[in-house]
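S.K.: Before we start, here is the structure in question, set down as structure tokens.
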Amino acid sequence: MTLAESITRRIDLAGWVMTETVLDSAPYSAAVVTSGPDDGDPALRAHRGILAAVAQETGTPDAPGSRASAAPMAISGLVEGYYNARPTFGRGQALAQVLEALNRWMFAAQGQDATEAGMATSLSALVFSGSRVGLMQIGAGLILRVRAGEVMRVTAPQLRRLNPDTLTPRRALGHDSRIVLDYQEDAVLAGDRYILLGDIRSPQGERIDGSALLALCRSGADRPPDLLARDLACFAAPAPGRSVIILDIESLPAPSVTAMEASLADLPLAAIPQTGETLDGYTIGRSLHRGAYTLLKYAVDTRTREAVVLKFPLPAMLNDRVFQAGFARESWIGASIHSPVIGRVLAPEPGRRSQLYIAMPYYAGETLESRILREPRFALPDIMAIGLPLIEAVEDLRAVQVLHRDLKPENIMLPNGGGLRLLDLGLAYLAGMEAAAAQGLAGTLRYMAPEVLRGGAPDDRSEVYALGTILHRLAAFGRFPRPGGDIAGSLTRLRPDLPVRLCTAIAAALESDPARRPAHAAALGIAMSDSMQDGTGNRVASRRLIEPLMLWRGLSLLLGLALLCALALR
């Protein structure tokens, strides 16, 4: 067999400029991709970045099965799964999700069909997005970085000895029912070269001279990348050799966590305009709310004549990195999620903003906290009309792997025209968010689940606890639940007009043990809806101490008996 020809092209995407050289030892076993099967949203493409991957079957040459198809399946599955992952997933989480699914399928295929034996595959991948690169390794491959003439192994092949001269992968796609992925991130510099090798063993599984391989990569700095790729492909491996990808980085985006953070970071923190002044085409009105870190101002967009709210950061935010990151997170989530029960963030035209703020629609109405503090009290229909849409909002966030983390009546707007809007996503947690940004208490203490107060990570069940606290306040005339008490019993005694099953559902959401709570907001919503049915499945409006129909039946019976007694005494 002859060695395949390499392909070289230049890539320019979202600030990344690089030259790729790909030598595919087997069809579709190596690829550099800038979008999924469907190009989709350009902003999402930029967020996902550039994916480079090389795969190679790990079985012996005489193993039965379709070894020639395993690597292409791994590459195509990785590309499709990665670019279709949830937008909020980080690089590592998106890679892990698709590779775990691929591994399950490949492992199951070998067990179900003997002709598929030998499908185990090594895979190495790079993801360039933001200003960093994510590196993922499983099996016998290797990723190298050449910087300023120095060669560094940035991943290690996962091998074990069969005998002194023969190595076999400890891990591979399809090798076992579960996989352990090696994932890390690396800072990239202009001028870096990354090299991906499909399998560093000889075709017979023999150890190769690692020092000679590194020396070859080091000497290749002055050689055309296509020639270096050929040398690496056939190093201790006769034709068709191993698959090779070489990526030469010319330039990269400015450092930023997300494109939204980058755009906000370029804006100055300037003086907040006063009532009557104009800023970027917005006529500034009254102040709506002042917090520790932000000030909300009513404004009118002179271009659309629509009422808006401008959220300005206060100087105190500069000293709190958590709230700085949250300001950008709120912008991203509010602009990305379109839900009738979640507050939106408006995207100003490019270049319109001259200082740091975010713009949101103005919802005329009152907060749920204001409504709780005034009469009349919440009847059963009111509780359901607020509770179920609020649960819908939490579920809409959950659908894109977002936790609000600060659910409370102050962050819930009741517009004058009806409905509900969940606001203030500044403390929201996104799946795949950096661990440092997710640490520490976030939210309002009286709505925090006990396990979060003890330092545990927030999750769907801690969101349910906050929902339970809000629902308790709706049902209990604004009172907070008493930890450790008989919440269902006290609610039933306080509100005999409410269905017992609704009181029980609220109490279940407030269990101190998270395992005893509903698993997520949707489960709480189902329990609330079920509470509106009686034992026969008929809908009930409320439970009274004395049902009117039974009262009149009883009175009629007593009057009838009294009449009979009177006639008998005559």
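So for the sequence shown, my numbering puts the first residue at 1393; every next one is plus one.
We put the CB at the ideal spot given by N, CA and C, even for glycine.
1) Assign H1439 to buried or exposed, taking buried as 16 or more other Cβ atoms, counted over all protein chains shown, within 10 Å of its Cβ.
2) Using DSSP with H/G/I as helix, E/B as strand and the rest coil, what is S1516?
3) My output table needs one value for R1983: the three-state DSSP class, helix, strand or coil.
4) Could you give the DSSP three-state label for D1672: helix, strand or coil?
5) Look at the alpha carbon of V1844 and the alpha carbon of S1921, and state the distance between them as a whole number of angstroms.
6) Identify, in the order they occur along the chain, each residue of the same chain with its Cβ nearer than 6 Å to the Cβ of I1399, setting aside the five sequence neighbours on each side.
7) Are there three or more Cβ pairs, one per stretch, closer than 8 Å when the region 1767-1787 is compared with the region 1876-1886?
8) So within the region 1750-1836, which uninterrupted alpha helix (DSSP H) runs reach at least 4 residues, ignoring any that extend past its ends?
9) Strictly by DSSP, which residues pair up with N1495?
10) Assign V1525 to buried or exposed, taking buried as 16 or more other Cβ atoms, counted over all protein chains shown, within 10 Å of its Cβ.
11) Using the three-state DSSP reduction, which class does T1560 fall into: helix, strand or coil?
12) Taking the straight line between their C-alpha atoms, what separation do you get for G1407 and L1863?
13) Quick one: residues in its chain with C-beta nearer than 8 Å to the C-beta of I1403, no 5 flanking neighbours on either side, listed in chain order?
14) Could you give the first and the last residue of the continuous alpha helix (DSSP H) run that contains I1898?
15) Just mark M1393 as buried or exposed, buried being the case when its beta carbon has 16 or more other beta carbons within 10 Å.
16) Cα-Cα, which of A1607, P1549, G1566 and A1488 is closest to M1511?
17) Ignore the nearest five residues each way along the sequence and tell me which others in A1517's own chain have a CB closer than 6 Å to its CB.
18) Would you kindly check if the distance between the Cβ of A1621 and the Cβ of I1978 is under 7 Å?
19) Counting along the chain, where does the beta strand (DSSP E) carrying M1528 start and finish?
20) Return the residue from the list R1797, D1774, R1401 and S1643 that minimises the CA-CA distance to L1890.
21) Is the region 1481-1490 close to the region 1565-1585, with three or more CB pairs under 8 Å?
22) Mapping the DSSP letters down to three states, classify D1454 as helix, strand or coil.
23) Among S1569, A1604 and R1610, which has the Cα closest to the Cα of Y1586?
24) In its own chain, which residues sit with a C-beta less than 8 Å from the C-beta of R1865, not counting the 5 before and 5 after it?
25) Would DSSP call I1571 helix, strand or coil?
26) Quick one: what does DSSP say M1410 is sitting in, helix, strand or coil?
27) On the DSSP bridge assignment, give the partners of T1964 in chain order.
28) List the DSSP bridge partners of L1688.
29) The beta strand (DSSP E) that contains S1921, what's its start and end?
30) As a quick exercise: from G1583, L1916 and A1564, pick the residue whose alpha carbon is nearest that of R1537.
31) Between which two residues does the beta strand (DSSP E) containing D1878 stretch?
32) If I measure Cβ to Cβ from P1940 and keep anything under 8 Å in the same chain, skipping five residues before and after, which residues do I get?
33) Under the assumption that D1788 contacts A1834 (Cβ atoms under 8 Å), give the Cβ distance between them as a whole number of angstroms.
34) Look at I1592 and L1515 and say whether their C-beta atoms are less than 7 Å apart.
35) May I ask you to report which of helix, strand or coil DSSP gives Q1550?
36) On the DSSP bridge list, what partners appear for Y1586?
M.R.: Let me spell this out:
1) For the purposes of this step, residue 1439 is taken as the residue at position 47 of the sequence shown. It counts as buried.
2) Against the sequence shown, residue 1516 aligns to sequence position 124. Of the three classes helix, strand and coil, the one that applies to S1516 here is strand, per DSSP.
3) A query on residue 1983 cannot be resolved here, the shown segment of the chain reaching from 1393 to 1962 and no further.
4) Residue mapping note: residue 1672 aligns to position 280 of the sequence shown, counting from 1. Coil.
5) For the purposes of this step, residue 1844 is taken as the residue at position 452 of the sequence shown. For the purposes of this step, residue 1921 is taken as the residue at position 529 of the sequence shown. Each residue's Cα considered, the two are about 28 Å apart.
6) Indexing the sequence shown from 1 puts residue 1399 at position 7. Closer than 6 Å at Cβ, skipping near neighbours: V1414.
7) no
8) 1760-1764, 1772-1791 and 1827-1830
9) Counting from one through the sequence shown, the residue named residue 1495 turns up at place 103. According to DSSP, which records beta bridges pairwise, N1495 is partnered with nothing at all.
10) The count along the sequence shown starts at 1 and reaches residue 1525 at position 133. It counts as buried.
11) Along the sequence shown, read from residue 1 onward, the residue named residue 1560 stands at position 168. Reduced to three states, the DSSP call for T1560 is strand.
12) Within the sequence shown, residue 1407 is the residue found at index 15, counting from 1. Within the sequence shown, residue 1863 is the residue found at index 471, counting from 1. Roughly 48 Å separates the two Cα atoms.
13) Within the sequence shown, numbered from 1, the residue matching residue 1403 stands at position 11. Once the five neighbours on either side are set aside, the close Cβ partners of I1403 are V1409, M1410, T1411, E1412, V1424, T1426 and I1442.
14) Start at 1 with the first residue of the sequence shown, and residue 1898 comes out as number 506. That run of the alpha helix (DSSP H) goes V1892 to A1901.
15) The count along the sequence shown starts at 1 and reaches residue 1393 at position 1. Because M1393 carries a pLDDT of 48, less than 50, the predicted location of this residue cannot be relied on, and no value is offered for it.
16) As a first step, residue 1511 must be located in the sequence shown, where it is residue number 119. Closest option to M1511, Cα to Cα, is G1566.
17) By 1-based counting over the sequence shown, the position of residue 1517 is 125. Correct list, in chain order: A1445 and M1528.
18) Here the chain covers residues 1393 to 1962 and nothing more, so residue 1978 does not appear.
19) One-based indexing of the sequence shown puts residue 1528 at position 136. Start and end: R1524 to I1530.
20) In the sequence shown, the residue the question calls residue 1890 occupies position 498. The shortest C-alpha separation from L1890 is found at D1774.
21) yes
22) Numbered from its first residue, the sequence shown carries residue 1454 at position 62. Note that D1454 has pLDDT 45, beneath the 50 cutoff, so the model's placement of it is unreliable and no number is given.
23) Taking the first residue of the sequence shown as position 1, residue 1586 is located at position 194. Cα-wise, what sits closest to Y1586 is R1610.
24) Here residue 1865 corresponds to residue number 473 of the sequence shown, with the count starting at 1. Only I1764, P1801, R1871 and F1872 meet the Cβ criterion.
25) In the sequence shown, the residue the question calls residue 1571 occupies position 179. Reduced to three states, the DSSP call for I1571 is coil.
26) Sequence index remark: in the sequence shown, residue 1410 carries index 18 (1-based). Note: M1410 maps to strand in three-state DSSP.
27) For residue 1964 there is no data in the structure shown, the boundaries of the chain being 1393 and 1962.
28) Within the sequence shown, numbered from 1, the residue matching residue 1688 stands at position 296. Note: L1688 sits in a beta bridge opposite H1681 and K1703.
29) As a first step, residue 1921 is located in the sequence shown; it is residue number 529 there, counting from the start. Where S1921 is concerned, there is no enclosing beta strand (DSSP E), although the alpha helix (DSSP H) it sits in stretches over A1913 to D1922.
30) For the purposes of this step, residue 1537 is identified with residue 145 of the sequence shown, where counting begins at 1. Ranking the options by Cα distance to R1537, first place goes to G1583.
31) Position 486 of the sequence shown, counted from the first residue, corresponds to residue 1878. That residue, D1878, is in no beta strand (DSSP E); it is neither H nor E in DSSP.
32) For the purposes of this step, residue 1940 is taken as the residue at position 548 of the sequence shown. Bear in mind that a pLDDT of 42 at P1940, under 50, signals an unreliable position, so the model cannot answer this.
33) As a position in the sequence shown, residue 1788 is number 396, starting the count at 1. As a position in the sequence shown, residue 1834 is number 442, starting the count at 1. The pair is not a contact, with the Cβ atoms about 20 Å apart (cut-off 8 Å).
34) Counted from its first residue, the sequence shown places residue 1592 at position 200. Counted from its first residue, the sequence shown places residue 1515 at position 123. No.
35) Here residue 1550 is taken as the residue at index 158 of the sequence shown, counted from 1. Coil.
36) Residue numbering aside, residue 1586 sits at position 194 when the sequence shown is read from its first letter. The partner list for Y1586 (beta bridge, DSSP) reads R1537 and L1639.
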